[in-house]
Amino acid sequence: MSNLPAAVLFDIDGTLVDSNYLHADAWHRAFTETGLTVPTWRIHRAIGMDGSTLIRDVCPGIDDATADRVDELHSRFYKDDADQLRLLPGAREILAQLHEAGLRVVLATSAPADELAILRRLLDSESVLYAVTSGEDVDTAKPDPTIVQIALDRAGTDTGRAVFVGDSVWDMRACQALGLPTIGVLSGGISRGELGDAGADHCCDDVDALRNELDRSPLAHLL
17 MSNLPAAVLF DIDGTLVDSN YLHADAWHRA FTETGLTVPT WRIHRAIGMD
67 GSTLIRDVCP GIDDATADRV DELHSRFYKD DADQLRLLPG AREILAQLHE
117 AGLRVVLATS APADELAILR RLLDSESVLY AVTSGEDVDT AKPDPTIVQI
167 ALDRAGTDTG RAVFVGDSVW DMRACQALGL PTIGVLSGGI SRGELGDAGA
217 DHCCDDVDAL RNELDRSPLA HLL
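In the numbering used here, the protein residues as written are 17 to 239.
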């Protein structure tokens, strides 16, 4: 058996914090402000993807200056409405529960530093966190697996002693590239079938539901 520590890596947006629809609205408003029409459902489908990749995915052919403006506006609109953010059920509790069980709890996100600060204040769980990543650590976010690898490195472990919990197909694909076991939660608005097709080893409604089925999830062998 490996002597490496056991760790659980958590995405934040859509997994611990109910933020995906706020992001979708902020992106929609940003596109509209720059004179572009992008249906909100297409934006929602891309949430969790690297921001610059999202812009070009939903608006092919956009020029660099307009893309930069959209990105800037999205950040402003999101932060303006940050008081609408709420924790998802069980978010704070599962972090504490897994920490108390001896796992190293890591927030594996590429959120920009200013947005991450908002999310961390809302989570109010600093005492149980072993490590945190942010957008400052990488040039490109998920589905590029780099941020996940950085999270593993900061946890001091490897894919055989860790599990990732996330809500998007981009989370699952990033982890698949590394061979890291994954748990998909439906709280980001993506279906069980799509998460499974993207590589999720286990799916549940949200992290509160996960708390009740830890022994049936990939986390069981770490606990």
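All C-beta atoms in this analysis are idealised placements derived from N, C-alpha and C, irrespective of residue type, glycine included.
Computed from a predicted model, the values in this text were never measured in an experiment.
Residue closest to residue i, alpha-carbon to alpha-carbon, out of the options
i, options, result
"threonine 56", "Asp87, Arg45, Asp66 and Asp97", "Arg45"
"alanine 216", "Asp224, Arg227, Ser233 and Asn228", "Ser233"
"threonine 149", "Val223, Ala129, Asp34 and Asp66", "Ala129"
"tyrosine 152", "Gly182, Ala124 and Leu168", "According to the sequence provided, residue 152 is glutamate. The question's tyrosine does not apply to it. Taking only the C-alpha atoms, the option nearest glutamate 152 is Ala124."
"alanine 40", "Ala62, Leu52 and Phe26", "Ala62"
"isoleucine 59", "Thr50, Gly51, Cys75 and Ala81", "Cys75"
"leucine 202", "Thr156, Asp29, Ala127 and Ser68", "Asp29"
"serine 126", "Gln165, Glu109, Ala98 and Leu104", "Gln165"
"aspartate 27", "Arg85, Gly195, Arg177 and Ala147", "Ala147"
"arginine 177", "Thr198, Phe93 and Val223", "Thr198"
Nonlocal neighbours in the same chain, by C-beta distance under 7 Å from residue i, ignoring five residues either side
i, result
"glutamate 229", "Cys220"
"isoleucine 206", "Asp183, Ser184 and Val185"
"leucine 119", "Ala22, Ala23, Val24 and Leu238"
Beta-bridge partners of residue i, as assigned by DSSP
i, result
"glycine 182", "Gly200"
"histidine 218", "Ile199"
"aspartate 29", "Val33"
"valine 148", "Leu123"
Same chain, Cβ closer than 6 Å to residue i, neighbours up to 5 away in sequence not counted
i, result
"alanine 214", "Val185, Met188 and Arg189"
"alanine 167", "Leu25, Val122, Ala124 and Thr149"
Contact set for residue i: own chain, Cβ-Cβ below 8 Å, skip 5 residues either direction
i, result
"leucine 264", "There is simply no residue 264 to check, as the chain begins at 17 and stops at 239 in what is shown."
"leucine 70", "Trp43, Ile59, Ala62 and Ile63"
"leucine 52", "Cys75, Ile78, Thr82 and Val86"
Segment contact, 8 Å Cβ cut-off, at least three pairs: the stretch 84–95 with the stretch 112–123 = Judged by Cβ distances under 8 Å, the stretch 84–95 makes no contact with the stretch 112–123, as fewer than three pairs qualify.
Whole beta strand (DSSP E) runs in the stretch 103–146 with 3 or more residues, listed along the chain?
-> Given a length threshold of 3 residues, each whole run of the beta strand (DSSP E) inside the stretch 103–146 is given here in chain order: 120–123.
Take every Cβ of the stretch 183–190, pair it with every Cβ of the stretch 134–147, and state whether three or more of those distances are shorter than 8 Å.
-> No, because fewer than three Cβ pairs between the stretch 183–190 and the stretch 134–147 fall closer than 8 Å, the two stretches do not touch.
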